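Only one structure is covered here, and it is reproduced in the block below.
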Amino acid sequence: MLHTLSIGELGEKLKSAQISSVELTRHFLARIERLNPALNALITLTAEPALEAAAAADARRAAGEDGPLLGIPLIHKDIFCTDGVRTSCGSRMLDNFIAPYDATVVTRLKAAGAVMLGKANMDEFAMGSSNETSYYGPVRNPWDTTKVPGGSSGGSAAATAARLAPFATGTDTGGSIRQPAALTGVTGVKPTYGRVSRFGMIAFASSLDQAGVFARSAADAAIVLKVMAGFDPRDSTSIDAPVPDYPAALGAPLTGLKIGLLREFFEGLEPRNAALIHEALKIYRGLGAQTVEVSLPHLPLSVPTYYVVAPAECSSNLSRFDGVRFGYRCEQPKDLLDLYTRSRGEGFGAEVKRRIMTGTYVLSAGYFDAYYLKAQKVRRLITDDFRAAFAQADLLIGPTTPTPAFAIGAKINDPVTMYLNDIYTIGANLAGLPGLSLPCGYVDELPMGLQLIGPHFSEAKLLNAAHRFQQTTDWHAHAPRGYE
Amino acid sequence: MNLTRQDVEKIAHLARLSITEQEMPVYVTSLSSIVNFVDELSRAQTGGVEPMAHPLDGQHQRLRPDAVTESDDHEKYQANAPAVQGGLYVVPRVID
Numbered sequence: 001m002l003h004t005l006s007i008g009e010l011g012e013k014l015k016s017a018q019i020s021s022v023e024l025t026r027h028f029l030a031r032i033e034r035l036n037p038a039l040n041a042l043i044t045l046t047a048e049p050a051l052e053a054a055a056a057a058d059a060r061r062a063a064g065e066d067g068p069l070l071g072i073p074l075i076h077k078d079i080f081c082t083d084g085v086r087t088s089c090g091s092r093m094l095d096n097f098i099a100p101y102d103a104t105v106v107t108r109l110k111a112a113g114a115v116m117l118g119k120a121n122m123d124e125f126a127m128g129s130s131n132e133t134s135y136y137g138p139v140r141n142p143w144d145t146t147k148v149p150g151g152s153s154g155g156s157a158a159a160t161a162a163r164l165a166p167f168a169t170g171t172d173t174g175g176s177i178r179q180p181a182a183l184t185g186v187t188g189v190k191p192t193y194g195r196v197s198r199f200g201m202i203a204f205a206s207s208l209d210q211a212g213v214f215a216r217s218a219a220d221a222a223i224v225l226k227v228m229a230g231f232d233p234r235d236s237t238s239i240d241a242p243v244p245d246y247p248a249a250l251g252a253p254l255t256g257l258k259i260g261l262l263r264e265f266f267e268g269l270e271p272r273n274a275a276l277i278h279e280a281l282k283i284y285r286g287l288g289a290q291t292v293e294v295s296l297p298h299l300p301l302s303v304p305t306y307y308v309v310a311p312a313e314c315s316s317n318l319s320r321f322d323g324v325r326f327g328y329r330c331e332q333p334k335d336l337l338d339l340y341t342r343s344r345g346e347g348f349g350a351e352v353k354r355r356i357m358t359g360t361y362v363l364s365a366g367y368f369d370a371y372y373l374k375a376q377k378v379r380r381l382i383t384d385d386f387r388a389a390f391a392q393a394d395l396l397i398g399p400t401t402p403t404p405a406f407a408i409g410a411k412i413n414d415p416v417t418m419y420l421n422d423i424y425t426i427g428a429n430l431a432g433l434p435g436l437s438l439p440c441g442y443v444d445e446l447p448m449g450l451q452l453i454g455p456h457f458s459e460a461k462l463l464n465a466a467h468r469f470q471q472t473t474d475w476h477a478h479a480p481r482g483y484e
Numbered sequence: 485m486n487l488t489r490q491d492v493e494k495i496a497h498l499a500r501l502s503i504t505e506q507e508m509p510v511y512v513t514s515l516s517s518i519v520n521f522v523d524e525l526s527r528a529q530t531g532g533v534e535p536m537a538h539p540l541d542g543q544h545q546r547l548r549p550d551a552v553t554e555s556d557d558h559e560k561y562q563a564n565a566p567a568v569q570g571g572l573y574v575v576p577r578v579i580d
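Here the protein sequences come in this chain order: A and B.
Residues 1 to 484 in my numbering are what the first sequence lists, from first letter to last.
Residues 485 to 580 in my numbering are what the second sequence lists, from first letter to last.
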């Protein structure tokens with residue numbers, strides 16, 4: 001079945017002319033038509049442009065071109081601007097917004113010949129951990145459609161798990177790739193801050209946001225990341241460093257790899273979750289790795305730190321949505337103030353407004369030192385803790401989430417309970433570190449993720465460690481029932 | 485530290501967000517719980533610690549040469565505007 005094949009296997013079939021990109025695209029479009037209604041993973045479907053792009057990829061191939069993503073379908077999180085296609089960011093505020101340009105991530109994947117099938121549903125403005133805050137309704141987890149897929153990249157995760165596309169793009173500010181990857185049993189990679197361009201990626205928290213990928217294996221993710229990553233002069237925070245050949249580095253042996261077990265991750269960890277991590281560690285030891293215990297004493301402060309820094313940055317970034325130049329405008333504004341306040345009050349959902357107001361509060365006169373400046377200092381302490389840990393270990397291991405996927409509606413009314421879903425993922429965002437989640441088993445018949453965190457620009461090692469694990473286990477090959 | 489309704493009204497005004505009468509108590513409660521949650525930061529020892537704005541050390545704002553590189557595409561970019569006239573964005577009267 002075409003949708004069970006890896007990106008490498010699809011590439012082989014395209015290269016040997018067993019299938020065309022048009023046929024491959026039609027296959028996934030048919031799956032989306034049949035299976036997406038139960039999941040609500042897409043906001044916009046671009047079927048006709050996809051078939052045109054597929055035909056163009058076939059023409060490029062006929063002209064002698066080749067490349068690992070040439071003719072391979074994908075879905076973009078609806079946070080990436082896509083020229084001529086609605087880019088809603090999951091919000092009523094941008095429901096009518098047709099992006100006038102492509103994000104760099106989109107441009108690079110297009111240049112490589114990848115075929116966009118549509119735009120994935122997401123938590124509004126990337127704020128959420130369950131994909132329940134979207135203006136377009138919640139996304140459902142293909143493993144159990146009464147459960148959330150995680151967020152904010154819930155649509156991308158669900159679509160990848162349901163095999164609606166071989167891969168999907170996502171973004172991760174506090175865990176929004178890794179957490180939904182864990183809850184939907186797929187592999188999700190958040191690169192080092194600055195590794196992938198943020199040009200054209202609608203900004204939530206500028207010092208935390210990073211674009212990444214969902215795929216069904218580290219090997220597939222490596223292929224995609226190699227195309228996505230790299231310096232972009234149009235992103236002033238883009239790092240000018242060469243991109244390693246991630247696929248070539250996948251098979252390296254793990255002998256001598258020092259894996260750090262974060263004491264703070266294991267404290268209070270639910271026993272069945274802990275058991276899965278310990279099983280994974282046995283496999284890593286079998287592959288030649290050694291484990292060492294490390295401690296990040298300031299890590300427990302990472303969630304409150306994040307919930308000062310991220311809202312502060314979002315309050316600034318979302319001030320551009322004012323009903324004047326683009327996006328939602330309220331009906332019959334009586335004056336300019338009314339235009340601003342009602343366009344924003346009506347255009348934004350509750351969680352977005354909550355975070356804008358939290359950010360406004362912590363940045364306001366009289367509170368800036370106590371909250372924002374304080375949080376930035378704690379951020380440095382957390383980052384220094386990671387640096388010290390990486391002096392003893394090559395990479396860190398732990399759970400991705402505290403629990404498996406929870407029921408839709410279960411946590412949406414208590415923001416702080418929802419925020420604690422990010423407890424294991426947030427530290428990597430604060431320190432700008434790359435992180436990866438891969439499937440490692442089940443709790444209550446729902447997927448669970450193993451998280452790997454590495455030093456800056458260690459994506460090759462993370463992908464290598466994940467790939468070696470996936471050569472020894474087959475959690476990543478499992479499909480949810482009905483989506484095989 | 486619980487926020488009052490007046491606190492929330494002031495914050496909402498700074499953020500240019502209209503909050504309905506019905507929504508107001510919900511925001512007072514949820515914002516208070518978030519502020520209480522982040523108050524935990526006050527217990528951290530941060531004497532002599534430099535604040536960190538950028539996750540990677542040693543980064544500077546990159547500059548580019550002062551050369552014209554963009555073209556005038558205002559019609560394309562204004563296609564998404566709610567109200568445009570003569571290349572200008574139309575809003576309710578600002579100055580009487």
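Every residue, glycine too, gets a C-beta built ideally from N, C-alpha and C.
Computed from a prediction, not measured in an experiment: that's the story for all the values here.
| message | Assuming the contact rule is C-beta atoms closer than 8 Å, residue 192 of chain A and residue 432 of chain A should be a hit. Round their C-beta distance to whole Å, please. | response | Along the first sequence, one-based indexing puts residue 192 of chain A at 192. Along the first sequence, one-based indexing puts residue 432 of chain A at 432. Right, the Cβ-Cβ distance comes to about 6 Å (below 8 Å), so this counts as a contact.
| So, residue 230 of chain A versus residue 108 of chain A, is the Cβ gap smaller than 9 Å? | Stepping through the first sequence from its first residue, residue 230 of chain A is reached at position 230. Stepping through the first sequence from its first residue, residue 108 of chain A is reached at position 108. Their beta carbons are under 9 Å apart, which means residue 230 of chain A touches residue 108 of chain A by this criterion.
| query | Less than 9 Å separating the beta-carbons of residue 129 of chain A and residue 444 of chain A? | reply | On the first sequence, residue 129 of chain A is found 129 positions in, with the first residue counted as 1. On the first sequence, residue 444 of chain A is found 444 positions in, with the first residue counted as 1. Going by C-beta atoms, residue 129 of chain A is not nearer than 9 Å to residue 444 of chain A.
| task | Just the C-alpha distance for residue 60 of chain A and residue 66 of chain A, rounded to the nearest angstrom, thanks. | result | Reading the first sequence from its first residue, position 60 is the one you call residue 60 of chain A. Reading the first sequence from its first residue, position 66 is the one you call residue 66 of chain A. A direct Cα-Cα distance of roughly 8 Å separates residue 60 of chain A from residue 66 of chain A.
| query | Can you list, in chain order, the residues of the stretch 560-572 of chain B whose Cβ is nearer than 8 Å to any Cβ on chain A? | reply | Close to chain A, meaning a Cβ-Cβ distance shorter than 8 Å, are the following residues of the stretch 560-572 of chain B: 560, 561, 562, 563, 564, 565, 566 and 567.
| query | Cβ atoms of residue 199 of chain A and residue 238 of chain A: under 9 Å apart, would you say? | reply | Taking the first residue of the first sequence as position 1, residue 238 of chain A is located at position 238. Taking the first residue of the first sequence as position 1, residue 199 of chain A is located at position 199. Yes, these two residues count as a Cβ contact at 9 Å.
| residue 160 of chain A classed as buried or exposed, judged by whether at least 16 other C-beta atoms fall within 10 angstroms | If you number the first sequence from 1, residue 160 of chain A lands on position 160. Buried.
| field | Residues of its chain near residue 55 of chain A, where Cβ-Cβ distance is below 7 Å and the 5 sequence neighbours each way are ignored | value | Mapped onto the first sequence, residue 55 of chain A falls at position 55. For residue 55 of chain A, where only same-chain residues beyond five positions count, the Cβ hits under 7 Å are 22.
| task | Check whether the stretch 261-280 of chain A touches the stretch 353-373 of chain A, taking contact to mean three or more Cβ pairs, one atom from each stretch, closer than 8 Å. | result | Fewer than three pairs of CB atoms, one per stretch, sit closer than 8 Å, so the stretch 261-280 of chain A makes no contact with the stretch 353-373 of chain A.
| task | Could you run through the stretch 527-542 of chain B and flag, in chain order, every residue whose CB is less than 8 Å away from some CB of chain A? | result | Within the stretch 527-542 of chain B, the residues whose Cβ lies closer than 8 Å to any Cβ of chain A are, in chain order, 528, 530, 533, 534, 535, 536, 537, 538, 539 and 540.
| task | Evaluate residue 301 of chain A with the Cβ neighbour count: other Cβ atoms within 10 Å of its Cβ, from every protein chain shown; 16 or more gives buried, anything less gives exposed. | result | Residue 301 of chain A sits at position 301 when you count from the first residue of the first sequence. Looking at its Cβ environment, which holds 16 or more other Cβ atoms inside 10 Å, residue 301 of chain A is buried.
| said: Out of A/298, A/40 and A/263, which one is the CA nearest neighbour of residue 145 of chain A? | reply: On the first sequence, position 145 is the one that residue 145 of chain A refers to. Minimum Cα distance to residue 145 of chain A is reached at A/40.
| said: To the nearest angstrom, how far is the alpha carbon of residue 115 of chain A from that of residue 503 of chain B? | reply: In the first sequence, residue 115 of chain A corresponds to position 115, counting from 1. In the second sequence, residue 503 of chain B corresponds to position 19, counting from 1. Going by the C-alpha atoms only, they are around 42 Å apart.
| request: Note down, in chain order, all residues in the stretch 401-428 of chain A with a beta-carbon under 7 Å from any beta-carbon belonging to chain B. | output: Within the stretch 401-428 of chain A, the qualifying residues are 415 and 416.
| Collapsed DSSP secondary structure at residue 86 of chain A in the structure displayed | Numbered from 1 along the first sequence, position 86 holds the residue referred to as residue 86 of chain A. Residue state, collapsed to three classes: strand.
| said: Measuring only the C-alpha atoms, how far is residue 202 of chain A from residue 318 of chain A? | reply: Numbered from 1 along the first sequence, position 202 holds the residue referred to as residue 202 of chain A. Numbered from 1 along the first sequence, position 318 holds the residue referred to as residue 318 of chain A. Rounded to whole angstroms, the separation of the alpha carbons of residue 318 of chain A and residue 202 of chain A is 10 Å.
| request: Report the three-state DSSP secondary structure of residue 415 of chain A (helix, strand or coil). | output: In the first sequence, residue 415 of chain A corresponds to position 415, counting from 1. DSSP places residue 415 of chain A in helix when its eight states are reduced to three.
| What are the uninterrupted segments assigned as alpha helix (DSSP H) that are 4 or more residues long and contained completely in the stretch 58-118 of chain A, given in chain order? | Listed in chain order, they are 104-111.
| task | Could you say if the stretch 246-257 of chain A and the stretch 490-507 of chain B meet the contact criterion of at least three C-beta pairs nearer than 8 Å? | result | The answer is no - the stretch 490-507 of chain B does not touch the stretch 246-257 of chain A, with fewer than three Cβ pairs under 8 Å.
| By DSSP, does residue 188 of chain A sit in helix, in strand, or in coil? | For the purposes of this step, residue 188 of chain A is taken as the residue at position 188 of the first sequence. Strand at residue 188 of chain A.
| query | Per the contact definition of three or more C-beta pairs closer than 8 Å, is the stretch 411-430 of chain A in contact with the stretch 169-182 of chain A? | reply | Output reads yes: the stretch 411-430 of chain A touches the stretch 169-182 of chain A.
| said: Between residue 346 of chain A and chain B, is any beta-carbon pair separated by less than 9 Å? | reply: To locate residue 346 of chain A, count along the first sequence from 1; it is residue 346. Yes, contact with chain B.
| task | Drop a sphere of 10 angstroms on the beta-carbon of residue 520 of chain B, count the other beta-carbons inside from all chains shown, and report buried for 16 or more, exposed for fewer. | result | Along the second sequence, read from residue 1 onward, the residue named residue 520 of chain B stands at position 36. Under this definition residue 520 of chain B is an exposed residue.
| query | Using the beta-carbon count (16 or more within 10 Å), is residue 579 of chain B buried or exposed? | reply | For the purposes of this step, residue 579 of chain B is identified with residue 95 of the second sequence, where counting begins at 1. The residue is exposed, with fewer than 16 neighbouring Cβ atoms inside 10 Å.
| request: Under 7 Å between beta-carbons, which chain B residues line up against residue 324 of chain A? List them in chain order, please. | output: Taking the first sequence and counting its residues from 1, the one referred to as residue 324 of chain A is at position 324. 573 and 575, listed in chain order.
| Less than 9 Å separating the beta-carbons of residue 28 of chain A and residue 165 of chain A? | The residue given as residue 28 of chain A occupies position 28 in the first sequence. The residue given as residue 165 of chain A occupies position 165 in the first sequence. Against a cut-off of 9 Å, the Cβ pair of residue 165 of chain A and residue 28 of chain A comes out as a contact.
| task | Report the neighbours of residue 334 of chain A on chain B: residues whose CB is nearer than 8 Å to its CB, in chain order. | result | Indexing the first sequence from 1 puts residue 334 of chain A at position 334. Contacts between residue 334 of chain A and chain B, judged by CB atoms closer than 8 Å, involve 576 in chain order.
| request: Determine the chain A residues that contact residue 499 of chain B at a beta-carbon separation under 7 Å, and present them in chain order. | output: Against the second sequence, residue 499 of chain B aligns to sequence position 15. For a Cβ distance threshold of 7 Å, residue set 315, 356, 357 and 360 of chain A lies close to residue 499 of chain B, ordered along the chain.
| task | Give the interface partners of residue 545 of chain B over in chain A, defined as CB-CB distance under 7 Å, in chain order. | result | Mapped onto the second sequence, residue 545 of chain B falls at position 61. What residue 545 of chain B touches in chain A: 236.
| Using the beta-carbon of each residue, which ones in chain B are nearer than 7 Å to residue 97 of chain A? | Counted from its first residue, the first sequence places residue 97 of chain A at position 97. Those within 7 Å of residue 97 of chain A in chain B are 564.
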